[in-house]
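Participant: To convert, count from 1 in the sequence shown and add 1; that's the working numbering.
Ideal Cβ positions, reconstructed from N, Cα and C, are used throughout, including at glycine.
Quick caveat, the model's predicted, so the values are computed rather than measured.
Can you keep this structure in mind? I'll have questions shortly.
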Amino acid sequence: MRGMRRLAATIALAALCVAAPAARADAQSDYETGLALGAEAYQYGVPLLDTDRIFRTNTSVSRSDGMGDAPVNRFSHARELANAAAHDVVAPNHDTLYSIAWLDLSRQPQILHVPSMHRFFAFELVSPSTENFRNISTATGYQEGGDFAIVGPDFDGRLPAGVKAVHSPYDRVWIIGRTYIKGEDDTEKVNKLQNAYRLLPLSRYGKPYKPPVIEPVDTTVDHAPIPGLGPGDDPLEFYSALNELMRQFPPPAADQPLLDRLAAIGVTAGPPAEVALSEDTLRGMRDAVTGGPAAVQAEIAKRYVAEFAKHNGYLMGDVGHYGTDYTLRAITDRLGVGALKPKVAIYAFTQTANDLSPLTGGGRYVLHLPADQLPVPARAFWSVTLYDADVFLFDNPFNRYLINDRSKLHYNADGSLDLYVQADQPADPAQAQNWIPAPPGAFRLIWRLYDTGQARFGILDGTGWQPPAVQSCSGGVGGAGTPCAS
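This is how it looks when you write it as structure tokens:
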């Protein structure tokens, strides 16, 4: 009997020796599952949570503050060009004055009135997941303006004669209006055009309408964070917020294959479901959210390198409509949430020189456009804007953030153009005309080409015009013998 007990103890000990590595393997497997699926959920969900953050921030006031914030169904017109203090959204432009509104269509449609005008404008309509589902713009044939009824998915009523229907997939719509401004001295004219833009409920169309006063009248903005990414947040809050928003704004059918996979970690657009998850799975999910911003940045670098040669060292894409390209949608959310479709504007982003060295204020750079690459193929206007590492305008004593087609530029004798980017102002006055001040640290450049027409196809696929390479001048001379600024 004593021998049998010794044998049983030996077998039990052997089982424990086998079980310990197996348990460690299971824990690692659970962690990797949580991390992998959590990373997919982050990339998929961060644009939805980011636009909700912007919605909650912009609508946290009881009257328009003239800086993009207003109650729902009301415009907030930016009366001056964006500056370095503008941090609500990344990559604000310095070419147009914004007119921002968030619509709630759950009760009735909202009618947007746009007057006829002889300058570029664009009213971009964006869904909660950043899909640009409609552009009312000079670039899309609406030079004469008009009245547009923006209707939600459940509306089945009739519209007044002459009112054009714009169907939204959701009851929440982000309107990002842009009106071209030639410069500071054009501000008053653009402000008058903004005053002529109107938003009113369908029931008040054709009648006098004044938005009701909301008490107390307050313009204190509540800068809302993305749940799970705020200071002191549990990263798991990201998934709870994502589930809630997906129930509020049901994803399209095309997303179902991904959602079927994410159901394993409790990410679902359906009714809340109890999913038993191990601590190791939860740990992986937390790490996926914490590492989410860096993961998106890594995807930017990956696509940037892949398209480097095709686009002269720039990243650009067919943005605005993403379908199931969740990576491109997350990249665009990071670099320029609310980007227009290429039919209206093309964006070209770079963060390195043409030798792949990071752009930094410690270097000196030149962008050379040969005469045969001019004029830039933009029927409305173009610009190249400098942003800091967080993709906001750089605060500099010159309040100079970009060069555009309205700048007083100096052209070379052969008709070519050199643009200079460096920290210190060039001593040569002609070069100083073509200079963008750089910050001490890392920075990015974004080219914007508004209304390129058919030329957009060659720009996007790399067969046509491309933005000029950013040539490092630390050695004193740029590529093709182009001199650096003195």
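A265: which of V91, M286, A255 and M247 sits nearest, CA to CA?
Facilitator: Cα-wise, what sits closest to A265 is M286.
Participant: Give the single residue among S358, A289, A381 and T282 whose Cα lies nearest to the Cα of A443.
Facilitator: Of the listed residues, the one whose Cα sits closest to A443 is S358.
Participant: Name the two residues that bound the continuous beta strand (DSSP E) containing Q111.
Facilitator: Run containing Q111: Q111 to V115, per the beta strand (DSSP E) assignment.
Participant: Which one or two residues does DSSP pair with L201 in a beta bridge?
Facilitator: DSSP lists I112 as partners of L201.
Participant: Quick check on DSSP: helix, strand or coil for Y210?
Facilitator: Coil at Y210, not helix or strand.
Participant: Apply the 10 Å Cβ neighbour rule to D261 and answer buried if 16 or more other Cβ atoms are within range, or exposed otherwise.
Facilitator: So D261 counts as exposed.
Participant: So is I215 buried or exposed if we call it buried at 16+ other beta carbons inside 10 Å?
Facilitator: It counts as exposed.
Participant: From A346 to L278, what does the alpha carbon distance come to, in whole angstroms?
Facilitator: Their Cα atoms are separated by approximately 45 angstroms.
Participant: Opposite E125 in the DSSP bridges: which residues?
Facilitator: Partner(s): N136 and I177.
Participant: Please name the residue in D373, R407 and Q426 whose C-alpha comes closest to that of N397.
Facilitator: That would be Q426, whose Cα lies nearest to the Cα of N397.
Participant: Inspect the beta-carbon positions of P72 and T60 and report whether they are closer than 8 angstroms.
Facilitator: Contact: yes.
Participant: With DSSP collapsed to three states, give me the class of S30.
Facilitator: Note: S30 maps to helix in three-state DSSP.
Participant: Going by other Cβ atoms of all chains shown within 10 Å of its Cβ, with 16 needed for buried, is C474 buried or exposed?
Facilitator: When all chains shown are included, C474 counts as buried.
Participant: Please confirm whether A79 and M68 have their CB atoms less than 8 angstroms apart.
Facilitator: Yes.
Participant: Could you give the DSSP three-state label for I182: helix, strand or coil?
Facilitator: Looking at I182 - three-state DSSP - the assignment turns out to be coil, as it is neither helix nor strand.
Participant: Decide if the region 99-111 is in contact with the region 197-217; the criterion is three or more beta carbon pairs, one per stretch, under 8 angstroms apart.
Facilitator: With a cut-off of 8 angstroms, the region 197-217 and the region 99-111 count as touching, because enough Cβ pairs lie within range.
Participant: Indicate the three-state DSSP secondary structure (helix, strand or coil) for P272 in the structure shown.
Facilitator: It is coil, neither helix nor strand.
Participant: Excluding the 5 residues preceding and the 5 following N192 in the sequence, name in chain order all residues of the same chain whose CB lies nearer than 8 angstroms to its CB.
Facilitator: Once the five neighbours on either side are set aside, the close Cβ partners of N192 are H78, R80 and L98.
Participant: Rounding to the nearest angstrom, what Cα-Cα distance links R173 and Q249 in this structure?
Facilitator: Whole-angstrom Cα-Cα distance: 10 angstroms.
Participant: In the DSSP assignment, what are the bridge partners of N405?
Facilitator: Answer is S384.
Participant: By DSSP, does P48 sit in helix, in strand, or in coil?
Facilitator: Looking at P48 - three-state DSSP - the assignment turns out to be helix.
Participant: How many Å lie between D27 and G267 at the Cα?
Facilitator: Answer to the nearest angstrom: the Cα atoms are 19 angstroms apart.
Participant: So, helix, strand or coil for L461, using DSSP?
Facilitator: Note: L461 maps to helix in three-state DSSP.
Participant: Taking 8 angstroms as the limit between beta carbons, can you name the residues of its chain near L403, skipping five residues before and five after?
Facilitator: Cβ neighbours of L403 beyond the five flanking positions: H95, D96, S384, V385, T386, L387 and I437.
Participant: Check whether the region 412-422 touches the region 316-334, taking contact to mean three or more Cβ pairs, one atom from each stretch, closer than 8 angstroms.
Facilitator: These segments do not touch.
Participant: At what residues does the beta strand (DSSP E) containing T351 begin and finish?
Facilitator: Where T351 is concerned, the enclosing beta strand (DSSP E) stretches over A346 to T351.
Participant: According to the neighbour-count rule (16 or more other Cβ atoms, all chains shown, within 10 Å of its Cβ), is E400 buried or exposed?
Facilitator: According to the sequence displayed, residue 400 carries Asn and not Glu. Burial call: exposed.
Participant: Is the distance from the Cβ of V62 to the Cβ of D219 below 8 angstroms?
Facilitator: In contact: V62 and D219 (Cβ atoms closer than 8 angstroms).
Participant: Tell me, please, which residues DSSP counts as bridged to D389.
Facilitator: In DSSP, D389 forms a bridge with F444.
Participant: Measuring CA to CA, which of P93, P48, Y412 and Y43 is closest to D393?
Facilitator: First, the amino acid is wrong: residue 393 is Phe here, not Asp. Nearest C-alpha to F393: P93.
Participant: Could you please give the first and the last residue of the uninterrupted alpha helix (DSSP H) stretch that includes V297?
Facilitator: Per DSSP, V297 belongs to the alpha helix (DSSP H) from G293 to A307.
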